[in-house]
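First to last, the protein sequences are chains A and B.
All residue numbers in the first sequence are consecutive under our numbering, ending with 340.
All residue numbers in the second sequence are consecutive under our numbering, ending with 340.
To keep things clear, I will list the structure first and then write my remarks on it.
There are 2 protein chains.
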Amino acid sequence: MTVNIKDVARVAGVSVSTVSRALGEGPVSAEVREQVQAAVRATGYKPNLSARRLRSQRTQTIGLIVADIRNPFFTAVGRAVEDAAYRAGMRVILCNTDEDPAREALYLTLMQEERVTGLIFAPTRATVDRLQADTLDFPMVLIDRAGPGGQFDTVLLDNREASATLVDHLVSRGYTRIGGLFGATSTTGVERRDGYLAAMAARGLTGEARFVPPSVDAAESAAAAWLREPDRPQALLVSNGLFLTGVVKAARALGLRIPQDIAVAGFDNEPWTELVEPGLTVIEQPVETIGREAMALLFQRLKTPDAPTRKVVLSGRCVARGSTAALPRA
Amino acid sequence: MTVNIKDVARVAGVSVSTVSRALGEGPVSAEVREQVQAAVRATGYKPNLSARRLRSQRTQTIGLIVADIRNPFFTAVGRAVEDAAYRAGMRVILCNTDEDPAREALYLTLMQEERVTGLIFAPTRATVDRLQADTLDFPMVLIDRAGPGGQFDTVLLDNREASATLVDHLVSRGYTRIGGLFGATSTTGVERRDGYLAAMAARGLTGEARFVPPSVDAAESAAAAWLREPDRPQALLVSNGLFLTGVVKAARALGLRIPQDIAVAGFDNEPWTELVEPGLTVIEQPVETIGREAMALLFQRLKTPDAPTRKVVLSGRCVARGSTAALPRA
DNA sequence: GTGCTTAGTGGTAACGTTTCCACAAAAATT
DNA sequence: AATTTTTGTGGAAACGTTACCACTAAGCAC
């Protein structure tokens with residue numbers, strides 16, 4: 011049926027092992043290498059990666075488990091991870107969990123069965139505590155979300171700082187009654203909540219944080235309900251790009267103007283946040299850096315398995331726009 | 011080192027073949043199956059997928075090659091493909107070509123080496139003509155872009171119709187000087203251009219189509235240049251979601267109001283197109299359907315390899331918004 | 001009771017590579 | 001010139017599965 015290394019060997023008039031060496035490393039005379047390459051071209055030989063992986067015990071595959079590739083944060087990170095992987099001659103297996111712990115568990119065992127070289131994982135709060143380094147046969151790097159202290163290499167945003175930056179920004183523009191909308195399933199949501207509450211307290215203000223399931227629709231209805239309340243906040247701090255869409259939708263639906271009726275500040279500097287009037291103030295996450303750094307940590311770990319665990323904390327950049335324009339003096 | 015099927019057999023007190031049968035199909039007594047499962051739990055056995063694939067000659071893997079997963083169209087399609095694949099117990103290998111023919115060729119041979127069960131591919135114009143069914147050892151389904159007539163199963167939008175719908179819509183709102191911005195590397199761009207020109211001609215109007223490389227920045231600078239010309243068009247038809255971002259950016263930068271100074275109609279009903287004032291008129295593509303349908307075609311082809319090639323053409327839905335509001339009578 | 005199917009099991013040969021080992025010839029060292 | 005090292009090569013044993021074949025014991029029809 012399909013041509014294998016034996017066929018190439020026969021055509022080239024050399025042994026199987028010589029073909030293997032000619033295609034990979036190993037001492038082969040220039041003459042023989044030429045013959046082998048010619049035989050490969052003549053036969054249309056394509057090495058079988060399953061066989062190679064089985065024999066060599068190196069899969070050259072890395073796993074990437076995220077909540078939802080449609081979340082623009084994960085889209086960008088995923089793309090960066092894949093670029094880095096393919097550049098290093100590795101493949102990527104991508105899995106979407108939709109923040110469902112059952113699916114996380116499923117994909118985690120899939121990764122074991124694939125014998126991945128390494129894994130990059132953005133876990134929910136529910137599974138993050140169950141994670142045990144010693145049950146895995148490969149290194150794992152956590153992204154976006156914090157794991158149990160010091161067990162895994164991690165790369166994430168300084169979420170407390172970022173939230174505080176947004177609070178400070180809002181307060182400096184005159185807002186005092188500021189509400190916060192956070193993702194319920196991730197440690198990220200919790201950290202951003204904490205940073206928000208701490209910054210509010212430091213200013214002598216009391217905040218109100220609400221948690222919502224991670225979807226545009228959930229954010230929209232939560233925001234709509236909140237904005238209909240008689241003593242609705244003057245400003246909303248919104249924990250991610252999906253939520254931002256929902257919040258702006260809700261504001262529009264209620265006929266509320268941004269920022270006059272409700273100011274908005276959030277996360278993820280998507281192109282459209284600049285375009286929707288009057289421009290949304292956001293924390294820009296260094297998404298490419300996060301993906302690249304995660305791969306770098308993974309490769310480092312593979313090289314030096316016993317090195318101490320590293321945690322890379324990156325700072326976001328505050329992009330101020332019209333959605334948080336200064337409140338007119340009362 | 012890592013536990014294999016032999017270890018399980020020893021612990022369960024049965025033969026290797028019995029373990030294999032107990033975990034897969036095949037006649038096994040209830041009692042023995044129970045023992046095997048216990049042994050699997052006790053040993054923490056995880057089957058080695060590389061070995062399984064090599065021996066069974068079934069990789070249960072499908073390839074997905076797209077231009078850029080960050081293009082929201084491909085993000086959504088990709089997600090739908092992955093859902094369908096995992097539901098069928100298959101994995102997905104995702105590759106981004108950035109519309110580069112060299113990378114397309116690279117990934118195509120990668121797919122051969124992976125011995126994928128099937129491939130879903132959105133090729134550039136440059137490679138689409140080179141594609142030969144007989145050089146591939148697996149079925150391939152083309153998405154979004156048309157291939158050489160009748161050689162491959164295909165699922166795509168009715169691009170001519172969609173463009174014509176937008177033209178008709180614009181004309182009915184009073185616009186006559188309508189320009190078109192299309193992607194240079196895909197047949198999609200060409201088809202949308204054709205539909206646009208035909209519809210214009212049918213109305214007795216002459217159109218002007220410009221092609222740009224597939225990136226936000228290219229679209230932005232092309233649009234900016236066009237809109238600075240003295241006899242700039244009244245309306246712009248924009249061939250995809252990435253371009254839309256660029257065009258709106260360009261209009262904003264030049265201080266042009268939408269639709270008073272420049273009307274805009276485009277493709278891809280992203281959430282933000284509703285939010286950016288005054289709302290962008292777009293053709294909504296049935297992205298989930300496209301992904302699911304591609305997988306369905308693939309499975310159908312695997313079941314009946316010799317069935318005639320099928321081409322599924324889906325209609326877009328026109329979502330009219332403020333960016334194409336009626337022109338005041340002159 | 002004899003033959004015939006079928007469920008359940010074990011042994012073993014693949015699947016297509018890479019890697020280890022042995023060995024010869026050539027090259028480098030003493 | 002004798003020796004050690006290096007270079008290039010082939011044979012064969014893995015890697016961890018599944019699938020094929022052979023076989024026993026049990027069930028069934030006559």
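Glycine included, each C-beta is placed from N, C-alpha and C at the ideal position.
Small disclaimer: the values here were computed from a predicted structure and weren't measured.
Classification of residue i by the beta-carbon crowding that lies within 10 angstroms, buried from 16 upward
| i | result |
| --- | --- |
| B:Gln270 | exposed |
| A:Arg65 | exposed |
| A:Arg267 | exposed |
| B:Gln122 | buried |
| A:Asp147 | exposed |
| B:Lys259 | buried |
| B:Ser249 | buried |
| A:Pro224 | buried |
| A:Pro149 | buried |
| A:Asp182 | Asp is not the amino acid found at residue 182 of chain A; the sequence shown has Ser there. That one is exposed. |
Proximity test, Cβ basis, 9 Å: residue i and chain A
| i | result |
| --- | --- |
| B:Ala234 | no |
| B:Ala61 | yes |
| B:Leu64 | yes |
| B:Leu247 | no |
| B:Lys313 | no |
| B:Asp147 | yes |
| B:Pro223 | no |
| B:Val226 | yes |
| B:Arg80 | yes |
Residue i at chain B interface by Cβ criterion, 9 Å
| i | result |
| --- | --- |
| A:Ala32 | no |
| A:Ala352 | In the structure displayed, chain A extends from 11 to 340; residue 352 of chain A sits before or after that span and is not available. |
| A:Leu285 | yes |
| A:Val102 | yes |
| A:Leu120 | yes |
| A:Arg89 | yes |
| A:Glu342 | What the structure shows of chain A is the stretch from 11 to 340, and residue 342 of chain A is not part of that stretch, so it cannot be assessed. |
| A:Lys259 | yes |
Simplified DSSP state of residue i, which is helix, strand or coil
| i | result |
| --- | --- |
| B:Asn106 | strand |
| B:Met150 | strand |
| B:Leu9 | This structure does not reach residue 9 of chain B, given that chain B is present from 11 up to 340, and the question cannot be answered. |
| A:Asp139 | coil |
| B:Phe84 | helix |
| B:Gly251 | helix |
| A:Val222 | strand |
| B:Arg155 | coil |
| B:Arg101 | strand |
| A:Glu294 | strand |
| B:Gly189 | strand |
| B:Leu64 | helix |
| A:Asp316 | coil |
| A:Thr164 | strand |
| B:Ser25 | coil |
| A:Arg242 | coil |
Enclosing alpha helix (DSSP H) for residue i [first to last residue]
| i | result |
| --- | --- |
| A:Ile15 | Ile15 to Ala22 |
| B:Ala172 | Asn169 to Ser182 |
| A:Leu312 | Val297 to Lys313 |
| B:Leu246 | Where B:Leu246 is concerned, there is no enclosing alpha helix (DSSP H), although the beta strand (DSSP E) it sits in stretches over Ala245 to Val248. |
| B:Leu266 | Run containing B:Leu266: none; DSSP gives neither H nor E here. |
| A:Ser39 | Per DSSP, A:Ser39 belongs to no alpha helix (DSSP H) and is neither H nor E. |
| A:Thr334 | A:Thr334 -> no alpha helix (DSSP H), and no H or E assigned at all. |
Extent of the continuous beta strand (DSSP E) run through residue i
| i | result |
| --- | --- |
| B:Ala115 | Careful: B:Ala115 lies outside any beta strand (DSSP E), inside the alpha helix (DSSP H) at Pro111 to Glu124. |
| B:Phe131 | Gly128 to Phe131 |
| A:Ala273 | Ala273 to Phe277 |
| A:Arg327 | Arg327 to Val329 |
| A:Val3 | Residue 3 of chain A falls outside the range modelled here, since chain A spans only 11 to 340, and no answer is possible. |
| A:Val323 | Lys321 to Leu324 |
Backbone CA spacing between residue i and residue j [nearest angstrom]
| i | j | result |
| --- | --- | --- |
| B:Phe84 | B:Asp108 | 12 Å |
| A:Leu290 | B:Leu120 | 42 Å |
| A:Asn81 | A:Ala52 | 46 Å |
| B:Arg86 | B:Glu92 | Checking the displayed sequence, the identity of residue 86 of chain B turns out to be Ala instead of Arg. Rounded to the nearest angstrom, the two C-alpha atoms are 10 Å apart. |
| A:Pro338 | B:Glu294 | 41 Å |
| B:Ala306 | A:Asp204 | 46 Å |
| B:Pro133 | B:Gly184 | 37 Å |
| A:Asp178 | A:Ala212 | 10 Å |
| A:Gly193 | A:Arg202 | 9 Å |
| A:Pro111 | A:Val297 | 24 Å |
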